[in-house]
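A.B. asks:
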Amino acid sequence: MVKLSVIVPFCNVRPYASDALRSLRANAREDFEFILVDDCSHDETPDLLARAESELPGAVYVRHEKNEGVATARNSGIDRARGEYLTFLDGDDWLAPGHYPRLLAAIEELGCDFVRTDHVRCTGRARSVHRVPHGRRGVVMNPRDAILPADRSTSVDYAYAWAGVYHRRLVDRGLLHFTDGLRTAEDRPWIWRLHREADSFAVVGLPGVFYRRGVASSLTRIGDVRQLDFIRAFDQVVEETAGDPEGDRLLPKAVRTYCAVIAHHLSEIDKFEPAVAKRLRVMSAAAIGRLPRELVTDALDTMDLDRSSRLRRLRRRITTARGAA
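By our numbering, the letter at position 108 of the sequence shown is numbered 108, and the numbering carries on one by one without gaps.
1) From what residue to what residue does the beta strand (DSSP E) around His265 run?
2) Rounded to whole angstroms, what is the Cα-Cα separation between Phe114 and Arg316?
3) Would you kindly work out how many angstroms separate the C-alpha atoms of Asp19 and Asp93, rounded to a whole number?
4) In angstroms, rounded to a whole number, what distance separates the CA positions of Leu127 and Arg121?
5) Which of the three DSSP states, helix, strand or coil, is assigned to Asp244?
6) Go through the segment 174 to 221 residue by residue and report every complete run of the beta strand (DSSP E) that reaches 3 residues or more, in order.
7) Between which two residues does the beta strand (DSSP E) holding Glu33 run?
8) In the DSSP assignment, find the beta strand (DSSP E) that holds His119 and state where it starts and stops.
9) Out of Glu53, Glu44, Leu291, Ala28, state which residue places its alpha-carbon closest to the alpha-carbon of Leu36.
10) Quick one: grab the DSSP three-state call for Ser153.
11) Nearest CA to the CA of Ala229: which residue from Tyr61, Leu280, Glu109?
12) Going along the chain, which residues of its own chain have a beta-carbon closer than 8 Å to the beta-carbon of Arg310, five neighbours each way excluded?
13) In terms of alpha-carbon separation, which member of Lys3, Gly164, Leu176 lies closest to Phe210?
14) Below 8 Å on the Cβ atoms is my guess for Gly58 versus Phe88; work out the distance and round it to an integer in Å.
15) If Glu84 and Asp39 are in contact, beta carbons under 8 Å, what's the gap, nearest whole angstrom?
16) Which residue's Cα is closest to the Cα of Arg80: Asp90, Val6, Lys66, Arg136?
17) Which of helix, strand or coil does DSSP assign to Val140?
18) Using the rule of at least 16 other Cβ atoms within 10 Å of the residue's Cβ for burial, across every protein chain shown, is Lys271 buried or exposed?
19) Less than 8 Å between the beta carbons of Phe178 and Ala71, yes or no?
20) Can you list, in chain order, the residues of its chain with a C-beta nearer than 7 Å to that of Arg25? Leave out the 5 residues immediately preceding and following it.
21) Pop quiz: Ala50 and Tyr61 are said to be a contact at Cβ under 8 Å. What is the actual Cβ separation, rounded to whole angstroms?
22) Shorter than 8 Å from the beta carbon of Arg63 to some beta carbon of chain D?
23) Let's see if you can read the secondary structure: which residues bound the beta strand (DSSP E) around Pro9?
24) Bridge partners for Leu95 per DSSP, in chain order?
25) CA-CA distance, Ala324 and Ala146?
26) Given a cut-off of 8 Å, decide if Asp180 and Asn75 are closer than it, judged by their beta-carbon atoms.
27) Would you report the Cα separation of Ile231 and Val276, rounded to the nearest angstrom?
28) Which first and last residues belong to the alpha helix (DSSP H) in which Ser18 is found?
29) Just to confirm my understanding: we take Thr123, look at its own chain, exclude 5 residues before and 5 after, and list those with CB closer than 7 Å. What are they?
30) In three-state DSSP terms, what is Arg168?
31) Please confirm whether Ala233 and Arg188 have their CB atoms less than 8 Å apart.
32) Do His99 and Tyr160 have their C-beta atoms within less than 8 Å of each other?
33) Three Cβ pairs or more, each shorter than 8 Å: is that satisfied between the segment 101 to 109 and the segment 189 to 200?
34) Using 10 angstroms around the beta-carbon of Thr45, count the other beta-carbons present and answer buried if the total reaches 16, otherwise exposed.
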């Protein structure tokens, strides 16, 4: 019986894939499987993964014939997974030796639907530990209780899929799959759904995932149209949260987070291609216009001056355009 399935999407990460694969070997166990999903890479990544299938204990190689994005790549891995528990790693990150056995022991001891962990952020040679924004550690709780308050960073803002481990019953309930086709912010609707609909979760330390920042091929560094998928991702968060039985209580958090992410992207608009920057402004304005006006006002009133001013200007343009029409 497979105890743990590790799903690892790769796409054109040849300079980093060897680090990920070596770290998986340092976490191998006879009841672990590693599902290596190549999302139609055009570099030497597929050759590395084909070799790993025969050399890495428990490796399963899955190849996409067209590029479909990280959400769909993870879904392919989930569909192939046989483990009682599942977790994720990105192909340009790596693990501390023995991290997965410790993580599995933690969730088995706690007996909850999912466990979230801290991680190590790596930018060049710099290292810093980033903690789950949730104070209670090692205590099983209702995931809904970790969504609020609206004006503070909470567990739904710590959306990294690889920072945790998940029981198979979440797959059986339809909670672990990602929205197909999302190329960025794919983990936002996913983490919100987990916290709204799963029954139990806990937070532990275990900062055993090393998250590599500043990778040139990462979508966070590329200013093309794929970045705009955050609009579709947060539209989904807002729509699904509004339909929740506690929508009135939870929606202010979803709206405030959406506004904050729009402000962040607008603050970095110079990194986008000109046509994409124009689309970002138009789509952001439309998104603000779709949100409940009173919740947007409340969100802006609790933001810092820089972000709130940027979004107020955007909202004024919406009002002016509507008046002219």
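Yeah, the Cβ is synthetic: ideal placement off N, Cα and C, and Gly gets one too.
C.D. replies: In this structure, then:
1) Residue 265 sits at position 265 when you count from the first residue of the sequence shown. Unbroken run through His265 is the alpha helix (DSSP H), 247 to 267; no beta strand (DSSP E).
2) Numbered from its first residue, the sequence shown carries residue 114 at position 114. Numbered from its first residue, the sequence shown carries residue 316 at position 316. Rounded to whole angstroms, Phe114 to Arg316 spans 43 Å at the Cα level.
3) Here residue 19 corresponds to residue number 19 of the sequence shown, with the count starting at 1. Here residue 93 corresponds to residue number 93 of the sequence shown, with the count starting at 1. Spanning the two alpha carbons is a distance of roughly 7 Å.
4) As a first step, residue 127 must be located in the sequence shown, where it is residue number 127. As a first step, residue 121 must be located in the sequence shown, where it is residue number 121. In the sequence as presented, Leu is not what sits at residue 127; that position holds Arg. When rounded, the distance between both Cα atoms is 6 Å.
5) Position 244 of the sequence shown, counted from the start, is the residue given in the question as residue 244. In this structure, Asp244 counts as coil in the three-state DSSP scheme.
6) 201 to 204, 209 to 213
7) Position 33 of the sequence shown holds residue 33. Taken as a continuous stretch (DSSP letters only), the beta strand (DSSP E) holding Glu33 covers 32 to 38.
8) Locating residue 119 in the sequence shown gives position 119, counting from the first residue. Per DSSP, His119 belongs to the beta strand (DSSP E) from 119 to 123.
9) Stepping through the sequence shown from its first residue, residue 36 is reached at position 36. Closest option to Leu36, Cα to Cα, is Glu53.
10) Mapped onto the sequence shown, residue 153 falls at position 153. Looking at Ser153 - three-state DSSP - the assignment turns out to be coil, as it is neither helix nor strand.
11) Start at 1 with the first residue of the sequence shown, and residue 229 comes out as number 229. A quick correction: the sequence has Asp, not Ala, at residue 229. Measuring from the Cα of Asp229, the nearest candidate turns out to be Leu280.
12) Your numbering for residue 310 matches position 310 in the sequence shown. For Arg310, where only same-chain residues beyond five positions count, the Cβ hits under 8 Å are Ala263, Leu266, Ser267.
13) Within the sequence shown, residue 210 is the residue found at index 210, counting from 1. It is Gly164.
14) Taking the sequence shown and counting its residues from 1, one reaches residue 58 at position 58. Taking the sequence shown and counting its residues from 1, one reaches residue 88 at position 88. Incorrect: roughly 15 Å between the Cβ atoms, too far for contact.
15) Translated into the one-based positions of the sequence shown, residue 84 becomes position 84. Translated into the one-based positions of the sequence shown, residue 39 becomes position 39. That belief does not hold up - the Cβ atoms of Glu84 and Asp39 are roughly 26 Å apart, past 8 Å.
16) Residue mapping note: residue 80 aligns to position 80 of the sequence shown, counting from 1. Here the closest residue by C-alpha is Val6.
17) On the sequence shown, residue 140 is found 140 positions in, with the first residue counted as 1. Correct three-state label for Val140: coil.
18) Translated into the one-based positions of the sequence shown, residue 271 becomes position 271. Burial call: exposed.
19) Within the sequence shown, the letter at position 178 stands for residue 178. Within the sequence shown, the letter at position 71 stands for residue 71. Yes. Within cutoff.
20) Position 25 of the sequence shown, counted from the start, is the residue given in the question as residue 25. Here the set comprises Leu56.
21) Working through the sequence shown from its first residue, we reach residue 50 at position 50. Working through the sequence shown from its first residue, we reach residue 61 at position 61. Yes, Ala50 and Tyr61 are in contact; Cβ-Cβ is about 6 Å, under 8 Å.
22) Protein chains in the displayed structure number just one, and chain D is not present.
23) Within the sequence shown, the letter at position 9 stands for residue 9. Start and end: 4 to 10.
24) Here residue 95 is taken as the residue at index 95 of the sequence shown, counted from 1. BP columns for Leu95 point to Val209.
25) On the sequence shown, residue 324 is found 324 positions in, with the first residue counted as 1. On the sequence shown, residue 146 is found 146 positions in, with the first residue counted as 1. Low confidence applies to Ala324: its pLDDT is 48, below 50, so where it sits in the model is not reliable, and the reading given next is rough at best. Their backbone Cα atoms lie some 43 Å apart in a straight line.
26) By 1-based counting over the sequence shown, the position of residue 75 is 75. By 1-based counting over the sequence shown, the position of residue 180 is 180. Yes, the pair counts as a contact, with Cβ atoms nearer than the cut-off.
27) Along the sequence shown, read from residue 1 onward, the residue named residue 231 stands at position 231. Along the sequence shown, read from residue 1 onward, the residue named residue 276 stands at position 276. Roughly 13 Å separates the two Cα atoms.
28) For the purposes of this step, residue 18 is identified with residue 18 of the sequence shown, where counting begins at 1. First-last of the alpha helix (DSSP H) with Ser18: 14 to 25.
29) As a first step, residue 123 is located in the sequence shown; it is residue number 123 there, counting from the start. Taken in chain order, the residues that qualify are Arg213, Gly214.
30) By 1-based counting over the sequence shown, the position of residue 168 is 168. It is coil, neither helix nor strand.
31) Working through the sequence shown from its first residue, we reach residue 233 at position 233. Working through the sequence shown from its first residue, we reach residue 188 at position 188. Result yes, Cβ atoms of Ala233 and Arg188 sit closer than 8 Å.
32) Residue 99 sits at position 99 when you count from the first residue of the sequence shown. Residue 160 sits at position 160 when you count from the first residue of the sequence shown. No, they are not a contact pair.
33) no
34) Taking the first residue of the sequence shown as 1, we reach residue 45 at position 45. Label assigned to Thr45: buried.
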